[in-house]
């Protein structure tokens, strides 16, 4: 009977070790899954930020181009005429909306 009890104790110990190992493997799997999801989220966020940065750079370039056209005296005069709705006898003011 002692051998039977000893065998049962060994089997019980093996089952306990197996359950602990399976739980550890399950936790590792959950951790890996969470890390992969986080990496995908961060990658998509990085792509969105890069697209926003590119768009902002394009807008900044358009603004720089607009500023450079108003640095000359003719550009300043044109801006003043547009703002005051003034035109010479042979001039036509065209307003272009962007």
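In the working numbering, the protein residues as written are 29 to 126. Cβ atoms here follow ideal geometry from the backbone N, Cα and C, with glycine treated the same way.
Next item on the list: My understanding is that residue 98 touches residue 107, with C-beta atoms under 8 Å, so please give their C-beta distance in whole angstroms.
Entry: 6 Å
Check: With DSSP run on the structure shown, which of helix, strand or coil describes residue 79?
Finding: helix
Item checked: Euclidean distance between Cα positions of residue 52 and residue 67 -> 23 Å
Margin query: Can you give me the C-alpha to C-alpha distance between residue 72 and residue 59, rounded to a whole angstrom?
Written below: 20 Å
Checklist line | Nonlocal neighbours in the same chain, by C-beta distance under 7 Å from residue 104, ignoring five residues either side | finding: 98
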